[in-house]
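Visitor:
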């Protein structure tokens, strides 16, 4: 396992420093554990949230089962450079499991929507920290985090997102004004749309203004209640809605230290490099483009 994942972990740490190095410097509290806990409380504050309300209606369309063809394609295209989560399963292992028993993962994944259950063991992210040179490394705000998620959970998320995206496309709920995180669309399309609008204003001798907004920590601050509300408003099939709601509950992030593992509930945001983060962000952001 060490040799299998060696390149992936080297890639993760190339631009940053592992926690074991970062925690060698003492903090005012004087322990690695308190330093790690302070970072988690700053970057992933435990914000109380109201219970999710099931607003699915009986008139909503039935859920189709996950497709074995799509699962096979997803597994084949898994990125071999991605480091695994604490489960230690990488692309090669998942491919071997699927090759040995093609129906195993399919039957298991199709059971979860029926139960409305996203396994708790898939919800824990191992935090890798990055600190740029020149910053005060005793200040938790100067750290950037990447969450290594269990590979089985990421695979299930990919299948869920494909299912959701297909529904949103076929029901024409993904507007033409969004250009980020969409298949077949790039920054070039966004620039072309902007230039077309500018040219139109010039021809009609109209004034125009361009407002550029940088949303700091967009994925990290995405509210779970907003995701649930937008899923409900989309009239997404009830079982996949239930699975997404459960995915957002009882999530945790951890930082291993030389003392012990520190843990913090994750009550908002989609982990960096999360499979579902971009699609869920687009779902919530669509309201802004409808105005």
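In the UniProt record's numbering, the protein residues as written are 1 to 291. Note that beta-carbon positions come from the ideal geometry of N, C-alpha and C, so glycine has one too.
Determine the DSSP secondary structure at residue 277, reduced to helix, strand or coil.
Guide: Three-state DSSP puts residue 277 in a helix.
Visitor: What did DSSP end up calling residue 45 once you bin it into helix, strand or coil?
Guide: Reduced to three states, the DSSP call for residue 45 is coil.
Visitor: Apply the 10 Å Cβ neighbour rule to residue 147 and answer buried if 16 or more other Cβ atoms are within range, or exposed otherwise.
Guide: Per the 10 Å Cβ criterion, buried.
Visitor: Leaving out five residues on either side along the sequence, give the residues of the same chain with a beta carbon under 6 Å from the beta carbon of residue 163.
Guide: Excluding sequence neighbours, residue 163 sits near 240.
Visitor: Helix, strand or coil: which one does DSSP assign to residue 266?
Guide: Residue state, collapsed to three classes: strand.
Visitor: What is the DSSP secondary structure of residue 84, reduced to helix, strand or coil?
Guide: Here residue 84 sits in coil by DSSP.
Visitor: Taking 8 Å as the threshold, find out whether the segment 247–256 comes into contact with the segment 198–211 through three or more Cβ pairs.
Guide: The segment 247–256, when compared against the segment 198–211, does not touch it at the 8 Å Cβ threshold.
Visitor: Based on Cα-Cα distance, which residue from 217, 126, 283, 101 lies nearest to residue 71?
Guide: Residue 101 is the option with its Cα nearest to residue 71.
Visitor: Taking 8 Å as the cut-off, decide whether the C-beta atoms of residue 87 and residue 151 are in contact.
Guide: In this structure, residue 151 lies closer than 8 Å to residue 87 by Cβ.
Visitor: Could you tell me which residues DSSP puts in a beta bridge with residue 129?
Guide: According to DSSP, which records beta bridges pairwise, residue 129 is partnered with 145.
Visitor: Helix, strand or coil for residue 159 per DSSP?
Guide: In the structure shown, residue 159 sits in a helix (DSSP, three-state: H, G or I).
Visitor: Where does residue 31 sit, in a helix, a strand or coil, going by DSSP?
Guide: Three-state DSSP puts residue 31 in coil, outside helix and strand.
Visitor: Determine the closest residue to residue 170 out of 236, 219, 137, with distance taken between C-alpha atoms.
Guide: Answer by Cα proximity: 236.
Visitor: Using 8 Å as the cut-off, can you tell me whether the segment 168–184 makes contact with the segment 83–98, which would need three or more C-beta pairs spanning the two stretches below that distance?
Guide: Taking 8 Å as the limit for Cβ pairs, the verdict is that the segment 83–98 does not touch the segment 168–184.
Visitor: Does the segment 267–285 come close enough to the segment 221–229 that 3 or more CB-CB pairs lie under 8 Å?
Guide: A contact exists between the segment 221–229 and the segment 267–285.
Visitor: Do you know whose CA, among 79, 244, 36, lies nearest residue 137's CA?
Guide: Checked all of 79, 244, 36; the closest Cα to residue 137 is 36.
Visitor: Using CA atoms only, rank isn't needed, just tell me which of 186, 284, 31, 216 is closest to residue 231.
Guide: Nearest C-alpha to residue 231: 284.
Visitor: Just how far apart, CA to CA, sit residue 26 and residue 129?
Guide: Because the pLDDT at residue 26 is just 46, under 50, the model does not fix this residue reliably, and the value given afterwards should be weighed accordingly. Their backbone Cα atoms lie some 16 Å apart in a straight line.
Visitor: Measure from the alpha carbon of residue 125 to the alpha carbon of each residue in 185, 264, 197, then state which is nearest.
Guide: Taking only the C-alpha atoms, the option nearest residue 125 is 264.
Visitor: Could you check whether residue 260 and residue 33 sit closer than 8 Å to each other, using their CB atoms as the reference points?
Guide: In contact: residue 33 and residue 260 (Cβ atoms closer than 8 Å).
Visitor: Have a look at 156, 105, 89, 77 and flag the residue whose alpha-carbon is nearest the alpha-carbon of residue 246.
Guide: Here the closest residue by C-alpha is 156.
Visitor: Below 8 Å on the Cβ atoms is my contact criterion, and I expect residue 298 with residue 149 to pass it. Report the Cβ-Cβ distance as a whole number of Å.
Guide: This structure gives no information on residue 298, because the portion of the chain shown stretches from 1 to 291.
Visitor: Whole angstroms are fine: how far does the CA of residue 227 sit from the CA of residue 255?
Guide: Straight-line Cα distance between these residues: approximately 26 Å.
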